[in-house]
Amino acid sequence: PPPCQVLFVGSSSIVKWKETLASDMAPMPVIDRGFGGSHIEYVNRWFDEIVAPYRPRAIVFYAGENDIDAGKPVDRVVADFDEFMTRKTRALGDTPVYFISLKPSKLRFAQFPRQTKVNAAIRALARRRPDLHYIDVVTPMLENGRPKDIFVADGLHMSAAGYAIWTREVRAALLPDTESEARRCARAGAR
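Taking my numbering, the leading residue of the sequence shown gets 2, the next gets one more, and so forth.
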């Protein structure tokens, strides 16, 4: 694929967006490189294959939920994401990363307190890094403190209604920056 597209990377929530991602994000050109069951550590392990070669204008990142489900401590999950940012900076400079907050799901709602700690740590990191943006999908996915009815039968993966929320929140974060990022990316590629 040509460089300077918006790269979506992460777990099955990214994979399952594949059918509508291009139309949901239009006119922004997108690449979906999600893979099911991924942990942040796996994204790091495969960084040189699934992130760096695409030379994206921006990276939309969703992983960490499976890490918490596997019992990894919050500080390890955050450290793994910090490692992702280090790799990104080394390979792609100031390319912006948009971290989608770990989502509250019906199946894993008992893990929500730990997910909230990861989200808070990443949000704090985003306040200190101009190349990191935090996208809150938690607030619009909850109703009276519980996950809305926006999941398929497994209670983990989102229905079209869940992806409609993600589309709205991700577009709101990306659109203000996308044209300037496209120009920055094109200049970087010309060097």
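Heads up, the beta-carbon is just placed ideally off N, CA and C, and yes, glycines get one too.
It should be emphasised that the depicted structure is a prediction, and the values quoted were computed from it without experimental measurement.
- Residue nearest to Gly35 within the set Asp150, Asp155, Phe9 and Pro97 is Phe9 (criterion: CA-CA distance).
- Burial state of Val153 is exposed, judged by a 10 Å Cβ sphere holding fewer than 16 other Cβ atoms.
- Going by DSSP, Tyr43 is part of the alpha helix (DSSP H) stretching over Ile41 to Arg46.
- A direct Cα-Cα distance of roughly 9 Å separates Glu144 from Asp150.
- Residue pairing by DSSP puts Gly11 in a beta bridge opposite Tyr63.
- The DSSP assignment places complete beta strand (DSSP E) segments of no fewer than 3 residues inside the stretch 120-145 at 133-136, in order along the chain.
- Per DSSP, the unbroken beta strand (DSSP E) holding Asp33 starts and ends at Val31 to Asp33.
- In this structure, the CA atom of Leu133 is about 5 Å from the CA atom of Val98.
- For Ile123, the closest of Ile32, Phe85 and Arg109 by C-alpha to C-alpha distance is Phe85.
- The alpha-carbon of Pro105 is positioned some 21 Å away from that of Val44.
- Distance from the CA atom of Phe100 to the CA atom of Ser12, rounded to whole angstroms, is 13 Å.
- Under the Cβ criterion (8 Å, minimum of three pairs), the stretch 181-188 counts as touching the stretch 54-62.
- Between the alpha carbons of Leu176 and Ala71 lies a gap of roughly 34 Å.
- Straight-line spacing of the CA atoms in Gly156 and Tyr164 works out to 14 Å.
- Taking Gly146 as reference, the option from Lys107, Ile136, Ala173 and Lys118 with the minimal CA-CA separation is Lys107.
- One alpha carbon belongs to Gln116, the other to His158, and they sit about 16 Å apart.
- Restricting attention to Pro2, Ser102 and Val119, the CA atom closest to the CA of Pro54 is found in Pro2.
- Sequence-distant partners of Ala189 (beyond 5 residues in either direction) whose C-beta falls short of 8 Å from its own C-beta, in its chain, are Arg56 and Gly94.
- For Phe100, the enclosing beta strand (DSSP E) has its first and last residue at Val98 to Ile101.
- Counting along the chain, no alpha helix (DSSP H) covers Ser106, and no H or E run does either.
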